[in-house]
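The structure appears right after this line, and notes come after that.
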Amino acid sequence: MNAVIEQAGLALREMRETDLATVMMVERAAYPHPWSEGVMRDCLRAGYDCRVGELDGRPVAHAVVSVAVGECHVLNITVHPDCQRRGFGRVLLRALVERARAKGAQTAFLEVRASNTAARALYEAEGFCEIGRRRGYYPAANGREDALVLARELGSGVAGFQSPATSGSR
């Protein structure tokens, strides 16, 4: 599955090591505490599903997902600030969730900053539900910030995750 897929004007393709300089420019533009190039390179070398989103041939977004033992973990979805609010994050998320499902993943997990209301709204609209909190997970301007842990079952369509506390099981 190395083909380029185009949705909402965003062409998705496999990330290569030669993309790292451009990917890191997008990463640094989007976050005050970006991933390092070494972490991104390690994800490529580990065989994670790393994708680049291009608009008119220019990389403007990227995502990283690991898939193992029936689960996927959305590790990074980044859209350049100039291209946000155009549905590109949703395109990346849906494409990677579908790829994870095709690889046998039954559940998707991710962490999101508690303060990132736009990302939280996207994930909730895509069927992710909060299942926990990691205290002090992210670096922040004034110390550390909590991460919300979200999950979603990967059955057909958008389906919410039911933890034992919400599913009626005890």
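The numbering of the sequence shown is the numbering used here, which starts it at 24 and goes up by one. Glycine included, each C-beta is placed from N, C-alpha and C at the ideal position.
- Message: Between Arg-68 and chain D, is the shortest Cβ-Cβ distance under 8 angstroms, so that the two count as touching?
- Response: Any reference to chain D falls outside this structure, which holds one protein chain only.
- Classify Val-181 as helix, strand or coil using the three-state DSSP reduction. Any reading at Val-181 is ruled out, since the residue's pLDDT is 48, under 50, leaving its predicted position unreliable.
- So is Asp-42 buried or exposed if we call it buried at 16+ other beta carbons inside 10 Å? buried
- How close, in whole Å, do the beta carbons of His-103 and Val-49 come, if the pair is a contact with beta carbons under 8 angstroms? 5 angstroms
- Item | Reference Gly-150; option with closest CA among Gly-159, Thr-130, Tyr-160 | Thr-130
- Message: Can you tell me where the alpha helix (DSSP H) holding Thr-53 begins and where it ends?
- Response: The displayed chain sequence assigns Ala, not Thr, to residue 53. That run of the alpha helix (DSSP H) goes 43-53.
- Item | Extent of the continuous alpha helix (DSSP H) run through Cys-66 | 60-68
- Hey, how far is the Cα of Arg-64 from the Cα of Ala-86? 13 angstroms
- Message: Using a Cβ-Cβ cutoff of less than 8 angstroms, which residues in the same chain neighbour Val-172 once the five nearest sequence positions on both sides are dropped?
- Response: Phe-132, Leu-133, Glu-134, Glu-153, Ile-154, Gly-155, Arg-156, Arg-157
- Item | Cut-off 8 angstroms between Cβ atoms - residues of its own chain near Gly-93, not counting five sequence neighbours on either side | Gly-127, Ala-128, Gln-129, Thr-130
- Check whether the Cβ atoms of Val-114 and Leu-33 sit closer than 8 angstroms, and answer yes or no. yes
- Task: Identify, in the order they occur along the chain, each residue of the same chain with its Cβ nearer than 6 angstroms to the Cβ of Gly-183, setting aside the five sequence neighbours on each side.
- Result: For Gly-183, the predicted structure reports a pLDDT of 49, less than 50, and the residue's modelled location is therefore unreliable. A value from the coordinates is still provided. The answer, listed in chain order, is Gly-150, Cys-152.
- Item | Beta-carbon proximity check, Arg-143 vs Ala-170, cutoff 8 angstroms | no
- Take the Cβ of Pro-162 as the centre, count every other Cβ of all protein chains shown within 10 Å, and call the residue buried at 16 or more, exposed below. exposed
- From Phe-222 to Gly-166, what does the alpha carbon distance come to, in whole angstroms? Since the first residue of the chain shown is 24 and the last is 193, residue 222 is not available in this structure.
- When DSSP labels each residue in this structure, what does Asp-169 get in the three-state scheme? strand
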